[in-house]
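Colleague: Residue numbers (numbering that gives the first Met the number 0): 0 to 228.
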Amino acid sequence: MKRYGSFTAVDGISLRVRVGEFFGFLGPNGAGKTTSINAIVGLARTSGGAIRIFGHDNRTQWRQARRLIGLSPQEYNFDRYLSLRDVLIFAAGYYGLHGKAIAERADMLLERFGLSAHAHLEYTKISGGQKRRLSLARALIHQPSLLILDEPTAGVDVELRLELWEWLRKLNADGLTVFLTTHYLEEAEQLCRRIAIVRDGRIVTEKPTEELVADGASLQDVFLELTRS
Ligand code: ATP
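1) Near Ser-35, which residues of its chain fall below 8 angstroms by C-beta distance, leaving aside the five closest residues on each side in sequence?
2) So the alpha helix (DSSP H) Asp-220 belongs to, where does it begin and stop?
3) Examine the ligand ATP and report whether any of its heavy atoms sits within less than 8 angstroms of the Cβ of Glu-150.
4) Examine the ligand ATP and report whether any of its heavy atoms sits within less than 8 angstroms of the Cβ of Ala-30.
5) Check Tyr-80 in the structure and name its three-state DSSP category.
6) Looking at the secondary structure, which residues open and close the beta strand (DSSP E) in which Leu-145 lies?
7) I'd like to know if the region 211 to 223 and the region 176 to 187 are in contact, where contact means that at least 3 CB-CB pairs between them fall below 8 angstroms.
8) Taking the C-alpha atoms as reference points, what is the distance between Gly-200 and Leu-148?
9) By Cβ distance, which residues of its chain are closer than 8 angstroms to Lys-32, with the 5 residues on each side in sequence left out?
Listed below in structure tokens is the structure:
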């Protein structure tokens, strides 16, 4: 549960994401998705309830829990004066990771996400799509086991979206657990094995994607039916 003063933003969200799963967390604007993510990663203090990351309580064992999570947040929060390469290297520093191995991993991620040519530019000098890729690279720098993506393809063009989907599928196939929030229902349908839909801070359904869209219903129809006020 998360309250902001007397307003309850999230209540009664009970979820278990399985190891290796690609999980979709959907809901209309203001449903409580980012609040839930902030609670999971420890950026927001919950007003009640418990959150465990691979068995680690995210309050009492926050260090272990945080180390296992890579977050690509909805809003960019890069240091504007750092080069792309330093964004990755500094992010690793938050986890106590330094040195040659991290510099090499940063270079590998820049290469993988097509950012090598811009490695020494400040982040303010790259495009929106490049910022999305940088955000993903930063989320992966410390080799997390759980990747949390808050609208990772907002504002990116069709080609990059398809490319990002491929990267995410590959990461998941390699064993990374993925927790995705998106307003692109097609994206959720394409990528997620299970989907939870939240409305007004509560879960209204949680099912395997194929069950949610059984009987020929589109995910959009199901979503609207469950979330329309
Ligand atoms: P969107 O899809 O628009 O990003 P969301 O599902 O991520 O929405 P949240 O950002 O979690 O929604 O917001 C849930 C509710 O909590 C909203 O009503 C919002 O106004 C409220 N809220 C979020 N952050 C705060 C805050 N710091 N103080 C007070 N209310 C907040």
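Heads up, the beta-carbon is just placed ideally off N, CA and C, and yes, glycines get one too.
Modeller: Result, derived from the coordinates:
1) Taking the sequence shown and counting its residues from 1, the one referred to as residue 35 is at position 36. Lys-1, Val-9, Ile-12, Phe-24, Val-197.
2) What you label residue 220 is simply residue 221 of the sequence shown in a count that begins at 1. 218 to 226 is the extent of the alpha helix (DSSP H) around Asp-220.
3) As a working note, residue 150 is residue 151 in the sequence shown. Yes, the Cβ of Glu-150 comes within 8 angstroms of a heavy atom of the ligand ATP.
4) Counting from 1 along the sequence shown, the entry for residue 30 is found at position 31. Checking every heavy atom of the ligand ATP against the Cβ of Ala-30, one is found closer than 8 angstroms.
5) Your numbering for residue 80 matches position 81 in the sequence shown. Three-state DSSP puts Tyr-80 in coil, outside helix and strand.
6) Here residue 145 refers to the residue found at position 146 of the sequence shown. Here the beta strand (DSSP E) through Leu-145 covers 145 to 149.
7) yes
8) Position 201 of the sequence shown, counted from the start, is the residue given in the question as residue 200. Position 149 of the sequence shown, counted from the start, is the residue given in the question as residue 148. Spanning the two alpha carbons is a distance of roughly 19 angstroms.
9) In the sequence shown, the residue the question calls residue 32 occupies position 33. Result list for Lys-32: Phe-24, Leu-25, Gly-26, Asp-149, Thr-180, Val-197, in chain order.
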